[in-house]
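Asker: Have a look at the structure that comes next, please.
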Amino acid sequence: MTSHQSTQTMKPATAAKKLGVYLEATPAEFREGAVSRAELNELQANPPQWLQDLRSNGPHPRSAVAAKLGVSIAGLARGGVTEPLTTEQIEALKQENPEWLQRERATQAEVRKEADRIKKKNAERAESRD
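Residues 1450 to 1579 in my numbering are what the sequence shown spells out, letter by letter.
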C-alpha cells in the first residue's frame, strides 16, 4: 500500500499571519491563491523584496503594531487605533506618547507582572510536590 501525500495548502490570510504581514498590503498574486507549506517555507527562508519591505516599513497588522507599542490589541482599540500602521506612524506615536498609550503600557506591564507571579507560584508548587 502506497501513501499519497497531498500538498498542504493554506489560505493567504493564514500565510500572511504566519509571515507577520498585513494581508491587504501583499501583492495581488499572493492574496488570490493558496499558499503551500513549501512556498511558505521558501518565503520565510528567502523573503522577496516585497516581503522585506512590508516587514520593515509596514503597514503592519494590529498584532505587530501592539507588540511594537508594548500594548495589547484591545489596548490599541481602546486608544482608537483600528487601522494598520506603518513603521513611521508607530514611531510618531511613540514620540507623541499620548495618555492612552502610557495607560495601556502600564496596564500591559501589570498583566505581565501578574503572569510572572502566577508562573513562579505554580513552579514553586510543582517543586514542593517532588
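Ideal placement from N, C-alpha and C gives every residue a C-beta, glycine not left out.
This structure is a prediction, so every number in the text was calculated from the model and none was measured.
Within 8 angstroms, do at least three Cβ pairs link the region 1531 to 1542 to the region 1552 to 1570?
Answerer: no
Asker: If you count every other CB in all the chains shown that lies within 10 Å of the CB of Glu1491, and 16 or more means buried, which is it?
Answerer: Counted from its first residue, the sequence shown places residue 1491 at position 42. Glu1491 should be labelled exposed.
Asker: Classify Glu1473 as buried or exposed, calling it buried when 16 or more other Cβ atoms lie within 10 Å of its own Cβ.
Answerer: Here residue 1473 corresponds to residue number 24 of the sequence shown, with the count starting at 1. Counting Cβ neighbours within 10 Å, Glu1473 comes out exposed, since fewer than 16 surround it.
Asker: Using three-state DSSP, classify Ser1521 as helix, strand or coil.
Answerer: Numbered from its first residue, the sequence shown carries residue 1521 at position 72. If DSSP states are grouped into helix, strand and coil, Ser1521 belongs with coil.
Asker: Is Pro1476 buried or exposed, if buried means 16 or more other CB atoms sit within 10 Å of its CB?
Answerer: Within the sequence shown, numbered from 1, the residue matching residue 1476 stands at position 27. Exposed.
Asker: Go ahead and label Gly1524 buried or exposed: buried means 16 or more other beta carbons lie within 10 angstroms of its beta carbon, across all protein chains shown.
Answerer: Here residue 1524 is taken as the residue at index 75 of the sequence shown, counted from 1. The residue in question, Gly1524, is buried, as its Cβ has 16 or more Cβ neighbours within 10 Å.
Asker: What is the C-beta distance between Leu1550 and Val1520, in whole angstroms, given that I count them as a contact (C-beta under 8 angstroms)?
Answerer: Reading the sequence shown from its first residue, position 101 is the one you call residue 1550. Reading the sequence shown from its first residue, position 71 is the one you call residue 1520. Yes, Leu1550 and Val1520 are in contact; Cβ-Cβ is about 7 angstroms, under 8 angstroms.
Asker: Is the separation between the beta-carbon of Phe1479 and that of Pro1461 shorter than 8 angstroms?
Answerer: To locate residue 1479, count along the sequence shown from 1; it is residue 30. To locate residue 1461, count along the sequence shown from 1; it is residue 12. Yes. Within cutoff.
Asker: Just to confirm, is the Cβ distance from Leu1503 to Ala1464 under 8 angstroms?
Answerer: As a position in the sequence shown, residue 1503 is number 54, starting the count at 1. As a position in the sequence shown, residue 1464 is number 15, starting the count at 1. Cβ atoms of Leu1503 and Ala1464: not closer than 8 angstroms.
Asker: At what residues does the alpha helix (DSSP H) containing Asn1462 begin and finish?
Answerer: Numbered from its first residue, the sequence shown carries residue 1462 at position 13. The sequence shown places Ala at residue 1462, rather than the Asn named in the question. First-last of the alpha helix (DSSP H) with Ala1462: Pro1461 to Leu1468.
Asker: For Met1450, does the count of other Cβ atoms within 10 angstroms reach 16, so buried, or fall short, so exposed?
Answerer: Mapped onto the sequence shown, residue 1450 falls at position 1. Residue confidence for Met1450 is low, a pLDDT of 47 falling below 50, so the modelled location carries little weight and cannot support an answer.
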